[in-house]
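Residue numbers (the working numbering): 151 to 259.
Think of the CB as a built atom: it goes at the ideal place given N, C-alpha and C, for glycine as much as any other residue.
On a predicted model such as this, the values are computed, not experimentally measured, just so you know.
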Amino acid sequence: MSSISDTLRTLFACAEDQLSQDELGAMSSLVEQAGHEAGRLSNVCSALASLVLSDGEGAAPSGDFQHPSNTFELLCNLSLGLDAISGMVETGLRARDCAQTLQEKGGVA
Numbered sequence: 151m152s153s154i155s156d157t158l159r160t161l162f163a164c165a166e167d168q169l170s171q172d173e174l175g176a177m178s179s180l181v182e183q184a185g186h187e188a189g190r191l192s193n194v195c196s197a198l199a200s201l202v203l204s205d206g207e208g209a210a211p212s213g214d215f216q217h218p219s220n221t222f223e224l225l226c227n228l229s230l231g232l233d234a235i236s237g238m239v240e241t242g243l244r245a246r247d248c249a250q251t252l253q254e255k256g257g258v259a
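Next up, the structure:
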């Protein structure tokens, strides 16, 4: 199974020569959106860390991350989220580069 960033890379490579200046502009906004997503994911990780710490200090731990399978699932989901953010940044930057090149050529796809 390919990663989200691999999928975005493949899709952009197939479409980049056919995208208009407006479409490239919209895709370049992925960089900003990735920043927001990274901030959201950071907040989620901080909240989870606080919950795990608080639960671990209790007399009888009851949190969902007491078992390796649950922790594995959480970390895999975090990995997928980070991969998506990476793909968004890469695609957004490539779109910016293509838009700039298109503008310099004075053309519109």
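With 16 other Cβ atoms within 10 Å as the buried cut-off, status of residue i
i: Cys195; result: exposed
i: Cys226; result: exposed
i: Ser204; result: exposed
i: Phe162; result: buried
Limits of the unbroken alpha helix (DSSP H) element including residue i
i: Glu173; result: 171 to 178
i: Ala245; result: 218 to 255
CB contact flag (residue i, residue j, <8 Å)
i: Cys241; j: Leu169; result: Note that residue 241 corresponds to Thr in the displayed sequence, not to Cys. Against a cut-off of 8 Å, the Cβ pair of Leu169 and Thr241 comes out as no contact.
i: Gln129; j: Ala234; result: Past the edges of the chain, shown from 151 to 259, lies residue 129, and the structure says nothing about it.
Pairwise C-alpha distance: residue j and residue i
i: His217; j: Leu228; result: 17 Å
i: Ala165; j: Ser200; result: 43 Å
i: Ser219; j: Arg244; result: 37 Å
Residue-chain proximity (residue i, chain B), Cβ-Cβ < 8 Å
i: Ser152; result: Here chain B cannot be found, since the structure has a single protein chain.
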